[in-house]
Amino acid sequence: MTRLIWWLRRDLRLNDNAALHYALTHAEHVIPVFILDATLLNAERLRGARLAWLFDGLRALDSDLARYGARLIVREGAPADMLPALCAEIGAEGVVFNRDYSPYAVKRDSAVQKALRERGLLAHSCADLLIHEPHEVPSKSGKPYDVYSPFRRAWEALPKPEPYVITDALRAKLRLPDDLAHLPSAPIPTGAQPAPQPIGAPGEAEALRRLDAFIAAPIYRYHERRDLHGEDGTSALSPYLRFGMISARTCYHAALKARAAAPDESARKGVDVWISELVWREFNYQVLARYPHSARRNLRPAHDAIQWEDNPAYLAAWREGRTGYPVVDAAIRQLLQTGWIHNRARMIVASFLCKDLLCDWRHGERFFMQHLLDGDVANNVGGWQWTAGTGTDAAPYFRIFNPIAQSEKFDPQGNYIRRWLPELANLPAKFIHAPFTMSAAEQRHFGVLIGRDYPPPIVDHEMQREKALRMYAAARQKRDSA
DNA sequence: TGAAATGTTGGGGCG
DNA sequence: ACGCCCCAACATTTC
34 MTRLIWWLRR DLRLNDNAAL HYALTHAEHV IPVFILDATL LNAERLRGAR LAWLFDGLRA
94 LDSDLARYGA RLIVREGAPA DMLPALCAEI GAEGVVFNRD YSPYAVKRDS AVQKALRERG
154 LLAHSCADLL IHEPHEVPSK SGKPYDVYSP FRRAWEALPK PEPYVITDAL RAKLRLPDDL
214 AHLPSAPIPT GAQPAPQPIG APGEAEALRR LDAFIAAPIY RYHERRDLHG EDGTSALSPY
274 LRFGMISART CYHAALKARA AAPDESARKG VDVWISELVW REFNYQVLAR YPHSARRNLR
334 PAHDAIQWED NPAYLAAWRE GRTGYPVVDA AIRQLLQTGW IHNRARMIVA SFLCKDLLCD
394 WRHGERFFMQ HLLDGDVANN VGGWQWTAGT GTDAAPYFRI FNPIAQSEKF DPQGNYIRRW
454 LPELANLPAK FIHAPFTMSA AEQRHFGVLI GRDYPPPIVD HEMQREKALR MYAAARQKRD
514 SA
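Letter by letter, the first sequence follows residues 34 to 515 in my numbering.
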């Protein structure tokens, strides 16, 4: 009677799961184990809303498991110590898990493999987090891609893995054997700082429901609506993908199904643009896997020459959503309320922090990481380095968003601002993007006094834009003369 | 997955 | 009728 541990990390689902499928097809009993890793739980940047959401997600998974007479075994400790000990405790032959590619995960997992194999235990890892693993997408020259477009072409050309079909009959093996009926399990903690209104309930059922709803219709207009941050034109699946409550394979195949059913060329375009976002995710992992240092530092050392101002007062105002630029402040409110920000708004606030407030992207990266339910090193760092112009295929330094123009262009009626900054809800569209342009009489008329009801702009965009250009130019000069 | 500055064109008002 | 100017609309260049 062979037993295997299915070590869950960020694959909290019972469908289309490579490690689970492998374990269920290679053992008589599969014990699902989640380890509360002190290194992660104590990391300052992780003690935010995401942790609370993860814990609730573990509870959701536990109740999903209950349908098969199974339960999630939770332990606290260092995985490299805990897993060999647990194998001995329950008589398991080894551990199966899905690979992860962040620098910490790579280090942790190789320590676990070493510890298990030294004791003659099985350590089997599977490809699951991505549709194609980082090393699978080489260019003709055999080198990995630094630029997205050729990466995508090569990615498209590869044969795609099918989702893993896991039947209820297989899942019956998750039921704990009788001698382990009382196997101790630590209580799932409660997060200290949950998002007040998370963007969605965690769990696989909710993830699948959202995917179904999205591919039923919104996906066909994704290319037209994805940039309108005042509308719900996106799938908002990122937190679910983050924790593997749904798999990228499942998303991709659902999109292909939608594409086959698309009524016209425009609808197919919507599907393709959405798939393109899945590919960005894979591109970001591929970059991080190859440049692990980019999790903490500028990807290109040449950019270390940039002299960020890092004014603490500006940084605080940005973090607290009181910059006086409504779209920026609204996005911060959305983040703190829901643990999620629309992608367009992410780009706007990121550009504002780096290129208007002249703060190092790492301050923003860290803040996002604390509060985003989908906070993920590869994608978060990828996005920030893109905005700061320090990444591989990054925005050029002179691409500076005008927060007012962006707000007017992508949210003409100001719906996003009205939703997240109710104190401005009564302003007409004409003033809502830049309330400080109101005359004193207009401020009185609409009941919004700048300085009392809403802050004045913390900086002048025009001036800061010029400053940013000088800052980047100086860095370039310093680099070239060095 | 920018925006501002600069250049060009053409219509219309006007003397 | 003509030249001149203004400026919107669009294109191109620049950061």
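Ideal Cβ placement from N, Cα and C applies to all residues, glycine included.
Note that the structure is a prediction, hence the values are computed from the model and not measured.
Tryptophan 86 places its beta carbon less than 8 Å from that of glycine 372. The continuous stretches of beta strand (DSSP E) do not include valine 139, which lies in the alpha helix (DSSP H) extending over residues 136-151.
Nearest Cα to serine 327 within the set Ala349, Tyr134, Leu91 and Leu74: Tyr134. By the 16-neighbour rule on beta-carbons within 10 angstroms, alanine 411 is buried. In chain order, Phe464 place their CB closer than 6 Å to the CB of methionine 471, counting only its own chain and leaving out the 5 sequence neighbours on each side. With fewer than three CB-CB distances shorter than 8 Å, the stretch 391-399 does not count as touching the stretch 304-316. With a contact defined as Cβ atoms closer than 8 Å, tryptophan 453 and alanine 363 qualify at about 4 Å. When beta bridges are read from the DSSP output, cysteine 159 appears opposite Asn131.
If only complete runs of 4 or more residues are kept, the stretch 47-103 shows the alpha helix (DSSP H) at 51-59, 71-74 and 82-99, in order along the chain. Counting only the Cα atoms, tyrosine 137 lies some 20 Å from histidine 165.
Take arginine 36, set aside five residues on each side of it, and the residues of its chain with a beta-carbon closer than 8 Å to its own are Ala60, Glu61, His62, Val63, Ile64, Ile123, Gly124, Ala125, Glu126 and Pro210, in chain order. Residue pairing by DSSP places glutamate 109 opposite Leu69 in a beta bridge. At a Cβ-Cβ threshold of 8 Å, arginine 377 and aspartate 265 do not count as neighbours. Pairing aspartate 444 with leucine 311, the inter-Cα distance amounts to about 25 Å. Of all alpha-carbon atoms in Arg282, Leu274 and Ala291, the one lying nearest the alpha-carbon of arginine 254 is that of Ala291. Take the alpha-carbon of alanine 427 and the one of methionine 380: they are about 12 Å apart. In this structure, DSSP gives tyrosine 449 a helical state, which the three-state scheme calls helix. Put simply, the stretch 142-158 does not touch the stretch 86-104. Fewer than three CB pairs are less than 8 Å apart. A distance of 8 Å or more separates the beta carbons of glutamate 315 and leucine 191. Remark: C-beta atoms of alanine 269 and isoleucine 232 approach each other more closely than 8 Å. Rounded to whole angstroms, the gap between the alpha carbons of arginine 329 and arginine 395 is 8 Å.
Within its own chain, the residues whose Cβ lies closer than 6 Å to the Cβ of proline 235, once the five positions on either side in sequence are excluded, are Trp86, Asp89, Gly90 and Ala93, listed in chain order. Per DSSP, the continuous beta strand (DSSP E) segment holding isoleucine 38 begins and ends at 36-41. In this structure, the beta-carbon distance from tyrosine 449 to valine 360 falls below 8 Å. At a Cβ-Cβ threshold of 8 Å, alanine 462 and glutamine 446 count as neighbours.
Valine 320 and arginine 485 have their alpha carbons spaced roughly 46 Å apart. The alpha-carbon separation between proline 296 and alanine 111 amounts to approximately 52 Å. Exposed is the label assigned to arginine 432, since fewer than 16 other Cβ atoms lie within 10 Å of its Cβ. At least 8 Å separates the beta-carbon of leucine 482 from that of phenylalanine 276.
In this structure cysteine 120 touches valine 128 by the C-beta definition: roughly 7 Å separates them, less than 8 Å. For isoleucine 483, DSSP records a beta bridge to Tyr487.
Beta-carbon to beta-carbon, isoleucine 248 and alanine 288 are separated by about 7 Å, close enough to satisfy the 8 Å threshold.
Rounded to whole angstroms, the separation of the alpha carbons of aspartate 114 and alanine 144 is 9 Å. Here DSSP, grouped into helix, strand and coil, assigns serine 384 to helix. CA-to-CA, the gap between histidine 286 and arginine 258 works out to about 22 Å.
Check the Cα spacing between leucine 405 and each of Arg512, Arg152, Leu84 and Ala507: the tightest is with Leu84.
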